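Its first residue numbered 1, the sequence shown is counted upward by one per residue in the UniProt record's numbering. Yeah, the Cβ is synthetic: ideal placement off N, Cα and C, and Gly gets one too. Note that the structure is a prediction, hence the values are computed from the model and not measured. Right, one structure below, let's go through it.
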Amino acid sequence: MFKALILSQVEGKTHAEIRRLNVDNLPEGEVLVDIAYSSLNYKDGLAVTGTGKIIRNFPMVPGIDFAGTVAESASDRFKPGDQVILTGWGVGERHWGGFAQKARVKADWLVPMPAGLDAKQAMIIGTAGFTAMLCVMALEESGVTPDSGNLVVTGAAGGVGSVSVLLLSQLGYAVTAVSGRPETQDFLTGLGAKAFISREEMSRPAHPLESQNWAGAVDVVGGNTLARVLAEMQYGGTVAACGLAGGFELNTTVMPFILRNVSLRGVDSVSCPPARRLRAWERLAAAMPPSAYAELGCAIALEEVPQAAKDILAGRIQGRLLVNLNL
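The structure is reproduced here in C-alpha cells:
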C-alpha cells in the first residue's frame, strides 16, 4: 500500500483527498517508480483546485513531474535501482502523476538522472527549471548572447521565472526581473538579477512600438505583459514565451516583427522530443550552482498540497515548492 493524492469530481467541483492505494490500482506502464520527490507547479495548482480545465478524467493523481528510483521495469532501457526523472507527456493531467509514493509510466517518458543530480535537486529544478532551460536554449539558438544587451524575465519570482533569472545570470546575461511582489526583490537580486521592474509597469497597455530595451526575454505571463515586452524589444531580439499566468490573449501588432525583426519563440515542455529533453537536463545539471538549491527550494508534505495549490495561484509562492513523498 502507498499514499496518493486523489482528485475526484463531486457535483461538478474538484475534490482532493489523501488515500491509500495498492500497486494494482496504478494505470498501465512499463516502469514502476518509487517516487522520492515531486514539485508543485502552476499547472498543478490549476488541477488540484479545479480552477483550470486541466483534468478531464477522474479519478486522477495530479503532479506533472517526479523523481525517484525504478522499482520494476519491463523495458531494457531501465532496471531496478536506476534514478529517473519525469516531466510532461500529460502525466498528472491524463495519466496518473507524481503526487503519490509510486507511479507506473511508459519508459519513453523517463529521463535518466544526469550525473551530479539527485532526486531532491532534480525536483527543485522540476518542470519549471526544465522549461526555463528550454527558454534559455531558444534564446541562444536565436543568436541572443550576453553581448547582445539586457534581457527581461517576467513573472520572475515564480518557478520558471526564478530559475530563468538564475540560469541567465550564471551564463553572463544582464537580467532585469519583473514581479508583482516588491518583497521578492532581494530574493531575485540574490539569484543574479541586475534590476527590478514592477508587474504594474510592465502590464500597462503599450504603443505598437516602445523604446528598445531588451535583446531577449523569457515571458511566463502572456497577456498585456507579453504585448509590452514585444513592443520594447531591440532590433533582432527574441522572446521565449512559455506561460499564461496573466492571460492567454495577446493583443499586439505586427510592428515589432516587421520593423524590428523581432522573433517570438513558443516553448513547450510537455511534448519536448527526448533528445532535446536529455540535453536540457544535462545542461541544468552542469549550470546550477550548488548554493541555488537551498535558495530556490522549500519542501512540503503531500497533505499540504491542497492549500499550497491555492497559494501558488494567488501568487504567494516564491521560488520552487517541493513535495516530499516520504514525509
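Leucine 321 - containing beta strand (DSSP E), residue span: From DSSP, the beta strand (DSSP E) with leucine 321 extends over 320–324.
By how many angstroms is the C-alpha of valine 136 removed from the C-alpha of serine 164? Serine 164 and valine 136 have their C-alpha atoms spaced approximately 7 Å apart.
Assuming isoleucine 85 and valine 111 are in contact, meaning their beta carbons sit under 8 Å apart, how far apart are those beta carbons, in whole angstroms? That pair is a contact at about 5 Å.
Using only CA atoms, which one of Ile6, Ser169, Gly216, Gly243 lies nearest to glutamate 287? Just to set this straight, residue 287 is alanine in the shown sequence, not glutamate. When the alpha-carbon of alanine 287 is set against those of Ile6, Ser169, Gly216, Gly243, the nearest one is in Ser169.
Within a Cβ cutoff of 8 Å, which residues of the same chain sit near glycine 192, ignoring the five residues on either side of it in sequence? Closer than 8 Å at the Cβ level, and outside the excluded window around glycine 192, lie Val165, Leu166, Leu168, Ser169, Gln170, Val175.
Taking the beta carbon of proline 208 as the centre, do at least 16 other beta carbons fall within 10 Å, making it buried, or is it exposed? Proline 208 is exposed by the Cβ-count criterion.
Unbroken alpha helix (DSSP H) run spanning glutamine 121, endpoints: Start and end: 119–141.
In whole angstroms, what is the alpha-carbon distance linking glycine 180 and glycine 155? For the pair glycine 180 and glycine 155, the Cα-to-Cα distance works out to about 8 Å.
Along the chain, where does the beta strand (DSSP E) containing arginine 104 start, and where does it finish? That run of the beta strand (DSSP E) goes 102–105.
Would you identify the three-state DSSP class for threonine 69, choosing helix, strand or coil? When secondary structure is reduced to three states using DSSP, threonine 69 falls in the strand class.
Within 10 angstroms of its Cβ, does methionine 133 collect 16 or more other Cβ (buried), or is it exposed? Burial call: buried.
Which residues in the same chain have their Cβ closer than 7 Å to the Cβ of glycine 50, if we skip the five residues on either side of it in sequence? Shown here for glycine 50: same chain residues with a beta carbon closer than 7 Å to its own, the five before and five after excluded, namely Lys13, Thr14 in chain order.
Grab the span of the alpha helix (DSSP H) containing glycine 256 for me, first residue to last. Going by the sequence as given, residue 256 is proline instead of glycine. Segment 255–259, the alpha helix (DSSP H) holding proline 256.
What residues match up with aspartate 34 in a beta bridge as DSSP calls it? Note: aspartate 34 sits in a beta bridge opposite Thr69, Lys102.
Taking C-beta to C-beta, are alanine 103 and glycine 216 nearer than 9 Å? No, they are not a contact pair.
Neighbourhood of methionine 1 by C-beta, 8 Å cutoff - its chain only, sequence neighbours within 5 removed: So the qualifying residues of the chain are Arg20, Leu21, Asn22.
Spatially closest choice to serine 39 from Gln307, Ile300, Asn326, by CA coordinates: Nearest option by C-alpha distance: Ile300.
Going by CA-CA distance only, name the one from Phe66, Tyr37, Gly97, Pro27 that's closest to isoleucine 54. Per the C-alpha coordinates, the member of Phe66, Tyr37, Gly97, Pro27 positioned closest to isoleucine 54 is Gly97.
Indicate the three-state DSSP secondary structure (helix, strand or coil) for valine 165 in the structure shown. Looking at valine 165 - three-state DSSP - the assignment turns out to be helix.
Ignoring anything shorter than 4 residues, give me the alpha helix (DSSP H) runs that lie fully in the region 241–302, in order along the chain. 255–259, 274–287, 290–296, all fully within the region 241–302.
Do phenylalanine 66 and methionine 123 have their beta-carbon atoms positioned less than 9 Å apart in this structure? Yes; because the gap between Cβ atoms is below 9 Å, this pair is in contact.
Where do the ends of the alpha helix (DSSP H) carrying isoleucine 312 lie? Start and end: 305–313.
Exposed or buried, lysine 79, counting other C-beta atoms within 10 Å across all chains shown (16 or more means buried)? Lysine 79 counts as exposed, since fewer than 16 other C-beta atoms from the protein chains shown sit within 10 angstroms of its C-beta.
Where aspartate 219 falls: helix, strand or coil (DSSP): It is a strand residue.
To the nearest whole angstrom, what separates the beta carbons of glutamine 101 and leucine 325, a pair I think is in contact under 8 Å? In this structure, glutamine 101 and leucine 325 form a Cβ contact; the two beta carbons are roughly 5 Å apart against a cut-off of 8 Å.
Would you grab the beta carbon distance between asparagine 251 and alanine 280 for me? Rounded to a whole angstrom, and I think it's under 8 Å. Taking a contact as a CB-CB distance under 8 Å, the pair asparagine 251 and alanine 280 does not count as one, their CB atoms being some 31 Å apart.
Is valine 144 helix, strand or coil when you go by DSSP? Here valine 144 sits in coil by DSSP.
Quick check on the burial criterion: 16 or more other C-beta atoms within 10 angstroms. Buried or exposed for arginine 320? By the Cβ neighbour-count rule, arginine 320 is buried, with 16 or more other Cβ atoms within 10 Å of its own.
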